[in-house]
Every structure is written in structure tokens, then in C-alpha cells.
Amino acid sequence: MRTSRYERRGALGYAIAAIAVCAACSDPNPSAPGSTDEPQGPNTLTAAERAAGWRLLFDGRTTSGWRGFKQAGMPGGWQVAGGALTRVSGGGDVITIDQFANFELAIEWQIAPGGNSGIMYRVSEAADSTFQTGPEMQVLDNAGHPDGASPLSSAGACYGLYPPASNVTRPVGSWNEVRIIANGTHVEHWLNGVKIVEYELFSPDWLARLQASPHRDATRYGREPSGYIALQDHGDRVAYRSIKIRVL
777 MRTSRYERRG ALGYAIAAIA VCAACSDPNP SAPGSTDEPQ GPNTLTAAER AAGWRLLFDG
837 RTTSGWRGFK QAGMPGGWQV AGGALTRVSG GGDVITIDQF ANFELAIEWQ IAPGGNSGIM
897 YRVSEAADST FQTGPEMQVL DNAGHPDGAS PLSSAGACYG LYPPASNVTR PVGSWNEVRI
957 IANGTHVEHW LNGVKIVEYE LFSPDWLARL QASPHRDATR YGREPSGYIA LQDHGDRVAY
1017 RSIKIRVL
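As C-alpha cells, this is what we get:
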């Protein structure tokens, strides 16, 4: 999250119930990312995934399907490097060409030492910045960045509102596997096979947390029924690959 725009908030005074379950064990959908019905590498789909309606948002070779936030084209600061969509220099946040309402998103991220980024969803270009409308799953080197000291801004959090139930990040330089499910008002964050955040938009709990969060003055935050998927340029090198989505 752009800490220059928002004040940092400490962790809320009560814990979220931890739900540490393996996605492969708890998800009955055999077409979920990671299925082994055929050999699979980064930026590919299995036959079962295709049959279940998954589509790639990044082909591993080009930036097709992406553009800069409030830009007609893709900024030069984002390039394809080693089969990953990578922030290599300044260019601003990038968003998908298409918008999505209810979906399951799968994505892998690799952050540089001390790095910070984020994955926003249901983003609108009606606001000045992506994070003013789209909730954010924090992408972070927990050990090397100051935001890692607060659960509300650590990796996997719904930034500023919901901390992760546990720290399941892999060592910096490793690839971390994300699933984000947004279905109506229900949202889940999964990281490396563990569900670490779950919330209901507009619930009394969500409204209370929103008012205590850095987003309290962002009138459209979390209120868009559909929008873009966004990847944040926070000034650090970050790479994303195996970006795929299934409309629910």
C-alpha cells in the first residue's frame, strides 16, 4: 500500500479466527489451479481448468490484456521478464483490459527484498488511485519491509481492514501462490494453500473496520460491483505470473 497517502494503522485489538486449511483438501473443485490432470508450467491452463471456465490474463510472453491505470497503453516500466509481468521501473499501476464482478483469481507473485506491492480487485477509474476503490491483497516482504510489523499491512492482508490469520509467506525471492475469491459481498484471500482472510462487504464488522482504516474517507472504496484487477507499482521490483481467472 502507498504509505505516503495513508497513515499507518496498528492491528485491531481482537484476532480473526484462523482457518488454516489446505486448498487442495478443502476445495472440491478438481479444476482449481494446481490440478495435475496434465503437465503444467507457469502461464498455462490444464484441460480441466479450461473446461471449468478458467482463462489466462497473462500469456507469459506479452503484456496483451493489460494497460496502465487511466492510460491507453501499457507503461514501459512494466515488462515481461523471465515469463513474468514485472515492474522494472516507474510506470504506475496496471490494470486488466476487462472488468470482473464475481470471480476466482489465481496469481503468483515474487517480491524483491524489502519490496511492497499489492493486488487490487473491483477497481474503478472514477477515483484518482486504484486503492481508493479496490480492496487490496497486500504483497510484501514481511521480514524486510516496515509494513510487515503490522498485521493489517502484512502480506496477504486486506490492507488496513483484515489481517491474515497467519504468516504463510515463503522466503523472499520465492513464488507465492494467491487465490482471491470475490462472489457478491463474500471475499476470501488464500495464500500458499491457506485461507488467511475472509470477510463480507457491507457487514457491520466490515463497516466498523472501514471507519477505523486508512480508507475511511474513500467514499467508493469496496463499493464497486465490478471492476478491473490491478497490480500496484509501489516503487519496488515485483513479478507476477500464472495470472488466471474464472468467472463465478
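Using my numbering, the first residue of the sequence shown is number 777, and each one after it goes up by one. We put the beta carbon where it would ideally sit given N, CA and C, even for glycine. Please read all numbers here as calculations on a predicted model, not as lab measurements.
Which of the three DSSP states, helix, strand or coil, is assigned to T906?
-> helix
Is V1014 buried or exposed, if buried means 16 or more other CB atoms sit within 10 Å of its CB?
-> buried
Please name the residue in G866, A882, G858, Q816 whose C-alpha comes closest to that of I957.
-> Of the listed residues, the one whose Cα sits closest to I957 is A882.
Relative to the ligand ADP, is the shortest distance from any of its heavy atoms to the C-beta of P927 smaller than 6 Å?
-> What this structure holds is no ligand at all, so the ligand ADP is not there to describe.
Which residues DSSP lists as bridging E974, in chain order | E964
Among I1019, G829, Q1008, the one whose alpha carbon lies nearest that of W854 = Q1008
Could you pull out every residue in the same chain whose Cβ sits closer than 8 Å to the Cβ of T838, ignoring the five residues on either side in sequence?
-> Counting only Cβ-Cβ distances below 8 Å, and skipping sequence neighbours, we find V856.
Range covered by the beta strand (DSSP E) that runs through E953 = 952-959
Go ahead and label A914 buried or exposed: buried means 16 or more other beta carbons lie within 10 angstroms of its beta carbon, across all protein chains shown.
-> Ala is not the amino acid found at residue 914; the sequence shown has Gln there. Buried, since its Cβ has 16 or more Cβ neighbours within 10 Å.
For the alpha helix (DSSP H) that contains L832, what are its first and last residues?
-> Looking at the DSSP string, L832 is not in any alpha helix (DSSP H); the run it does join, the beta strand (DSSP E), is 830-832.
Name the DSSP beta bridge partners of A860, please?
-> Per DSSP, the beta bridge partners of A860 are A857.
State the start and end residues of the unbroken alpha helix (DSSP H) segment that holds D985.
-> Per the sequence shown, residue 985 should be read as Arg rather than Asp. It spans 980-987 - the alpha helix (DSSP H) in which R985 sits, taken as one unbroken run.
Please list, in chain order, all residues of the same chain as L821 whose beta carbon is under 8 Å from its beta carbon, the five residues on each side excluded.
-> W830, R831, L832, K1020
Cβ neighbours of Y1004 in the same chain (closer than 7 Å, five flanking residues each side left out) = I871, T872, Q875, V899
Is it a yes or a no for the stretch 972-989 touching the stretch 844-852, going by three-plus beta-carbon pairs under 8 Å?
-> no
Distance, A902 Cα to N952 Cα = 31 Å
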